[in-house]
Amino acid sequence: MKNEYLDMFCTFARIGGLTFGGGYAMLPILQREVVEKRGWATENELSDYYAIGQCTPGIIAVNVATFIGNKRKGILGGITATLGVVFPSLVIITLIAAFLQNFADLEIVKHAFAGVRVGVCVLVFNAVVKLWKKAVIDIPAFVIFAIVLLLMVFLDISPVLLVIGAGIAGVIVQGTRKAVRK
Amino acid sequence: MIYLQLFYEFFKTGLFAVGGGLATLPFLYNLSDKTGWFTYEQLADMVAISESTPGPIGVNMATYVGFETAGILGAVVATLGLIAPAIVIIVIVAGFLKKFQDNQYVQNVFYGLRPASVGLIAAAFVSVLTMSVIRVDLFRASGVWTDLFSIKAILLAAVVYVLTNKTKWHPAFFLLGSAIVGVIFKF
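If you read the sequences in order, they're chains G and P. Here the first sequence stands for residues 3 to 184, numbered as in this note's numbering. Here the second sequence stands for residues 16 to 202, numbered as in this note's numbering.
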């Protein structure tokens, strides 16, 4: 009999290695490898995992891998699947980083990265616009957005504090609304 | 003990970064301010590399920062730190999946967290903007106003913006294109 943990590790390593861009880019590959080929989770379970993976802390891809592994084999399964999904990143990024340390000072590499930063700038902007549409849905949400942005840009404040503060603000705002409606 | 510190910092990031890959970015800016392990420019380069290689972006960023800071072991430690809180939380949440999703308090907390997450990423955008398109660093060094705006960079940004919104090409393609433009026009 094949070792199930090894099988799970290899499957998730393949998924991690085939996903460019993380999170949502992983969904179609997960559907094929985990739902259709192996039956480790159903389509509905997968979409639940995504919904919760998005609103729990951490990387969405890691959260979903933990869910599936945990469902199959308990905690150890969760750990195995997660280590599998991050394994290709570890290898590939380490190789690239090692390569760059030796070539980062070349003039041509500097120009290339100065150009790339402009591209990155646009990609990050696009991400903000996309997330904005789902998150900034009314005036209180906009106020939270604006306060966090301004504090982060102009003060050296820890994002941890801002996240905790925003969570509390969310409870207060929504709680007050409910009270007013009653 | 740099490994312990790496693990701790990325554990914190994994615990508080809600909403996917780029959500780790503001935490990394903060880490750069605090420790000087890497510069803002290096961070932007990391985003580019993370977007153009397979794997979740947050994990790629952790691996890159860990390697830059403390070699291969640093890369492993940072990545493990990042995923540790997720494993713990998900294993707990998996026990009462439906209840968690429908809980009013959880929903209220996320009503606040979502715009905050956008605000944090928008702040990260401002950082990238001020070292690529609006060159605050060059302006500070020279005091010449024309150094503040790079026409070449604004044009490139405009082209990339239009193409990313009109086509479904992969981000790696745009980053490679930006790199080539950068080399040819000496950015």
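Where a beta carbon is used, it is the ideal one built from N, C-alpha and C, also for glycine.
Name the chain G residues that come within less than 9 Å of residue i, Cβ to Cβ?
i: Y18 of chain P; result: Ordered by position in chain G, no residue passes the 9 Å Cβ test against Y18 of chain P, which lies about 15 Å from the chain.
i: D48 of chain P; result: D158
i: K183 of chain P; result: Ordered by position in chain G, no residue passes the 9 Å Cβ test against K183 of chain P, which lies about 12 Å from the chain.
Per DSSP, residue i forms a beta bridge with which residues?
i: I149 of chain P; result: P:F164
Got a sec, what are the start and stop residues for the alpha helix (DSSP H) residue i sits in?
i: Q20 of chain P; result: 17-31
i: E109 of chain G; result: 109-137
i: T84 of chain G; result: 62-105
i: D48 of chain P; result: 40-50
i: G158 of chain P; result: Per DSSP, G158 of chain P belongs to no alpha helix (DSSP H) and is neither H nor E.
i: V36 of chain G; result: Taken as a continuous stretch (DSSP letters only), V36 of chain G belongs to no alpha helix (DSSP H), as it is neither H nor E.
i: A171 of chain G; result: 161-183
i: F156 of chain G; result: 141-156
i: A43 of chain G; result: Taken as a continuous stretch (DSSP letters only), A43 of chain G belongs to no alpha helix (DSSP H), as it is neither H nor E.
i: F188 of chain P; result: 186-199
One question on the structure: do residue i and residue j come within less than 8 Å of each other, judged by their Cβ atoms?
i: T58 of chain G; j: V133 of chain P; result: no
i: V37 of chain G; j: L48 of chain G; result: yes
i: I98 of chain G; j: I64 of chain P; result: yes
i: G29 of chain P; j: L97 of chain P; result: yes
i: L37 of chain P; j: V165 of chain G; result: no
i: M154 of chain G; j: A32 of chain P; result: no
i: I105 of chain P; j: N72 of chain G; result: yes
i: P71 of chain P; j: F26 of chain P; result: no
i: L29 of chain G; j: P186 of chain P; result: no
i: V74 of chain P; j: I54 of chain G; result: no
i: G117 of chain G; j: I102 of chain P; result: no
If the cut is a Cβ gap below 9 Å, which residues of chain P does residue i touch?
i: R34 of chain G; result: Per Cβ cutoff of 9 Å: no residues; R34 of chain G is ~16 Å from chain P at best.
i: A53 of chain G; result: Q116
i: K39 of chain G; result: Per Cβ cutoff of 9 Å: no residues; K39 of chain G is ~19 Å from chain P at best.
i: G19 of chain G; result: P69, G70
Can you name the residues of chain P whose CB is closer than 8 Å to the CB of residue i?
i: N128 of chain G; result: Y176, T179, N180
i: A114 of chain G; result: A194, I195, G197, V198
So which residues of chain P does residue i contact, with C-beta pairs closer than 7 Å?
i: V182 of chain G; result: By Cβ distance, chain P contributes nothing, its closest Cβ being about 14 Å from V182 of chain G, past 7 Å.
i: L92 of chain G; result: T78, A90, V91, T94
i: I81 of chain G; result: I102
i: N65 of chain G; result: A101, I105
i: T58 of chain G; result: I104, I105, V108
i: L151 of chain G; result: G134, A137, A138
i: N72 of chain G; result: I105, V106, A109
i: W134 of chain G; result: V133
Decide if residue i is buried, meaning its Cβ has at least 16 other Cβ atoms within 10 Å, or exposed.
i: Y52 of chain G; result: buried
i: P41 of chain P; result: buried
i: Y126 of chain P; result: buried
i: V182 of chain G; result: exposed
i: Q1 of chain G; result: Only positions 3 to 184 of chain G appear in the structure, and residue 1 of chain G is not among them; the question remains open.
i: Y79 of chain P; result: buried
i: W134 of chain G; result: buried
i: N104 of chain G; result: exposed
i: W52 of chain P; result: buried
i: M16 of chain P; result: exposed
i: M3 of chain G; result: Low per-residue confidence applies at M3 of chain G: pLDDT is 45, beneath 50, and the placement is therefore not dependable enough to give any value.
i: V131 of chain G; result: exposed
Determine the chain G residues that contact residue i at a beta-carbon separation under 8 Å, and present them in chain order.
i: F209 of chain P; result: No answer is possible for residue 209 of chain P: it lies beyond the span of chain P, which begins at 16 and ends at 202.
List, in order along the chain, the chain G residues whose C-beta lies closer than 7 Å to that of residue i?
i: F42 of chain P; result: P161
i: A37 of chain P; result: A small fix is needed here, since residue 37 of chain P is Leu in this sequence, not Ala. Correct list: V126, A129.
i: A139 of chain P; result: V126
i: F53 of chain P; result: Within chain G, no residue comes near F53 of chain P; the closest Cβ sits about 11 Å away, beyond 7 Å.
i: G29 of chain P; result: P59, G60
Cβ-heavy atom distance between residue i and the ligand PLP below 7 Å?
i: G79 of chain G; result: Ligands in the displayed structure: none, and consequently the ligand PLP is not present.
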